[in-house]
Amino acid sequence: MGMVKRTVKEWRRVWTTHKYKEKKKLSDNRLSLKKTETGPKFNEERIIETANSWPTIASVASFGAPDKSFDDDALPSISKTVRSPSMIDFTDIDVIPTTASEKRKYSFQNAVKRRKVSSSIGDLHQEELENEREYRTQKLQFQEQALQFQQQALQFQQQMLQIQQQTLQFQQQGLQCQQQALQIIREIKDDTKSFQINMLQLVEEKNNFLLQQIPREYSDISDEA
Numbered sequence: 054m055g056m057v058k059r060t061v062k063e064w065r066r067v068w069t070t071h072k073y074k075e076k077k078k079l080s081d082n083r084l085s086l087k088k089t090e091t092g093p094k095f096n097e098e099r100i101i102e103t104a105n106s107w108p109t110i111a112s113v114a115s116f117g118a119p120d121k122s123f124d125d126d127a128l129p130s131i132s133k134t135v136r137s138p139s140m141i142d143f144t145d146i147d148v149i150p151t152t153a154s155e156k157r158k159y160s161f162q163n164a165v166k167r168r169k170v171s172s173s174i175g176d177l178h179q180e181e182l183e184n185e186r187e188y189r190t191q192k193l194q195f196q197e198q199a200l201q202f203q204q205q206a207l208q209f210q211q212q213m214l215q216i217q218q219q220t221l222q223f224q225q226q227g228l229q230c231q232q233q234a235l236q237i238i239r240e241i242k243d244d245t246k247s248f249q250i251n252m253l254q255l256v257e258e259k260n261n262f263l264l265q266q267i268p269r270e271y272s273d274i275s276d277e278a
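Each number in this note's numbering corresponds to the 1-based position in the sequence shown with 53 added.
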């Protein structure tokens, strides 16, 4: 088979598809790095190296670039200048460092980011703990206030019960006083009745004595005459 011949549009479509796949792999590598806090695996490093070397490979004619210039292709008349694959801008691709110094720098930057993330997480955790502590403190205060209100209500109930008991005692004492007054009145009536009976008996006896004295006086008068 000969070399693949494609138009500029076809090469641009091939390169766009490859660029999208590589960027997706790099994004997955970053996500894996954030989750595991470790570097890329061996296969991932090979993918990264391939992605970094792609601009050089794309500029080689033997890779499959057309053997004629792009100016010979039949393209629509447009004002924009057509760019070859070697002219495409690669600055928007985040390249993972491969050298030792770049890896150290990249590792240091990741460590700084992790510390910032850990610090932010620690601050959020501390804030959450403080909010929970404040909530528990307020809840405890509300419970103590509710307990105080319940104790006060119980004291009021006890006081009301004492007042009711005292009222009942006063009523019982009043009833006893009424009974005693009735007893005294009854005794007074009985004494008055007995006194009246005795007085009537004395009057009757006095009358009987007087009646007995009258005949004796008449008899004495007749004897003298």
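Note that the Cβ used here is the ideal one computed from N, Cα and C, for glycine as well.
- Annotated three-state conformation of Thr60 is coil, per DSSP.
- Distance from the CA of Thr60 to the CA of Lys77, rounded to the nearest whole angstrom, comes to 26 Å.
- Here Asn82 is buried: its Cβ has 16 or more other Cβ atoms, across all protein chains shown, within 10 Å.
- Leaving aside the five residues that flank Gln266 on each side, none in its chain has a CB nearer than 8 Å to its CB.
- Here Val67 has Arg59 as same chain residues with Cβ atoms under 8 Å from its own Cβ, once five neighbours each way along the sequence are excluded.
- Inter-residue distance for Lys246 and Ala206 is about 59 Å (C-alpha atoms, whole angstroms).
- Around the beta-carbon of Leu79, 16 or more other beta-carbon atoms lie within 10 Å, marking it buried.
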